[in-house]
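A quick write-up on the structure given underneath.
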Amino acid sequence: MTKSSPLSSLVNRPPNGNIELTLTIPWGEIQKAYESAVLEAVTETELPGFRKGKAPRKLVEAKLDKTHTLNHALQHLLPKAYTHAADKHTLKPILYPQIKIVSGKEGEDWVFLATTCEAPKIKLGPLNKDLEQLVKTSEIHIADLLIEEEANHRLASLAENITRLGMTIDTYLKTKRLTAESLKSQLAQDARRDLTIEFILQEVQRTQKLEDRPQTLDYLQKLV
Numbered sequence: 008m009t010k011s012s013p014l015s016s017l018v019n020r021p022p023n024g025n026i027e028l029t030l031t032i033p034w035g036e037i038q039k040a041y042e043s044a045v046l047e048a049v050t051e052t053e054l055p056g057f058r059k060g061k062a063p064r065k066l067v068e069a070k071l072d073k074t075h076t077l078n079h080a081l082q083h084l085l086p087k088a089y090t091h092a093a094d095k096h097t098l099k100p101i102l103y104p105q106i107k108i109v110s111g112k113e114g115e116d117w118v119f120l121a122t123t124c125e126a127p128k129i130k131l132g133p134l135n136k137d138l139e140q141l142v143k144t145s146e147i148h149i150a151d152l153l154i155e156e157e158a159n160h161r162l163a164s165l166a167e168n169i170t171r172l173g174m175t176i177d178t179y180l181k182t183k184r185l186t187a188e189s190l191k192s193q194l195a196q197d198a199r200r201d202l203t204i205e206f207i208l209q210e211v212q213r214t215q216k217l218e219d220r221p222q223t224l225d226y227l228q229k230l231v
């Protein structure tokens, strides 16, 4: 068994605007989290002949699904590791991370990849009442992950509405002459456009010290 190393993290910023955090969790911490999960199961389990929480640990643990118990342990451990890494690298994430395991062998430190993003940095173009022109002249790069999340949210909402109408997704796609891929592409384009407008409006509101979105739109409309 390898000796546990301190919790460590590396940050990577790919060109797509996402933020990738590589989290290395010592095997010792994995063991502690697993032990806590087992003890929690012991206190909540009721076996024949024993009152709840009084069954011997060996009997309870023998009935546990180790993979499920380990996943339960990681649900407590990973958020702490992620928060620690985000603070260490002074990140300001705006999305809950997508986390996947990179390596996880018993007796070795485990490695996870957490993908998230921050609000885009914006360089506003000349302010004028033409919002489309303002969008064209402003510099903004929205992370792919944020666009993906928004597009998925719209797809889920669309699917729910289609179901309420008594249609299937396949019927809807045929009616609109779309494929699943073209629909996702369309939703992603719409999400990028709308997010771009919203972030630019937020930046105008911030720089001009305006109270809210309606006041920001009113401010722009009054410009020459």
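So the sequence shown is residues 8 to 231, counted in our numbering.
All C-beta atoms in this analysis are idealised placements derived from N, C-alpha and C, irrespective of residue type, glycine included.
Of the listed residues the options, nearest to residue i (C-alpha basis)
i              : options                      : result
tryptophan 117 : Ile204, Glu167, Thr29        : Thr29
lysine 73      : Glu218, His96, Glu42         : Glu42
threonine 31   : Leu14, Asn159, Tyr89         : Leu14
asparagine 78  : His91, Ala158, Val45, Gln215 : Val45
Sequence-distant residues of the same chain with beta carbon closer than 8 Å to residue i, five excluded per side
i              : result
proline 100    : Ile26, Ala93, Thr123, Cys124, Glu125
asparagine 135 : Leu141, Leu227, Leu230, Val231
Where residue i falls: helix, strand or coil (DSSP)
i              : result
threonine 9    : Low per-residue confidence applies at threonine 9: pLDDT is 41, beneath 50, and the placement is therefore not dependable, though the value from the model is reported in the following sentence. Correct three-state label for threonine 9: coil.
glutamate 188  : helix
leucine 85     : helix
isoleucine 149 : coil
proline 100    : strand
glutamate 68   : helix
Boundaries (first-last residue) of the alpha helix (DSSP H) holding residue i
i             : result
serine 43     : 34-51
alanine 121   : That residue, alanine 121, is in no alpha helix (DSSP H); its beta strand (DSSP E) goes 117-123.
glutamine 140 : 138-144
Enclosing beta strand (DSSP E) for residue i [first to last residue]
i           : result
leucine 17  : 15-19
valine 231  : First-last for valine 231: undefined, no H or E at that position.
lysine 216  : No beta strand (DSSP E) holds lysine 216; DSSP gives it neither H nor E.
proline 107 : As written in the sequence, residue 107 is lysine, which differs from the proline given in the question. That run of the beta strand (DSSP E) goes 105-110.
Buried or exposed by the 16-neighbour rule on C-beta atoms within 10 Å, applied to residue i
i                : result
serine 12        : At serine 12, the pLDDT of 46 sits below 50, so the modelled position is not reliable; the number obtained from the coordinates is stated separately. The residue is exposed, with fewer than 16 neighbouring Cβ atoms inside 10 Å.
tyrosine 103     : exposed
phenylalanine 57 : exposed
alanine 187      : exposed
leucine 194      : buried
Cβ-based neighbour list, residue i, same chain, cut-off 7 Å, excluding 5 preceding and 5 following
i            : result
tyrosine 179 : Ile169
threonine 85 : Checking the sequence, you will find leucine at residue 85 rather than threonine. Ile106, Phe119, listed in sequence order.
serine 110   : Trp117, Val118
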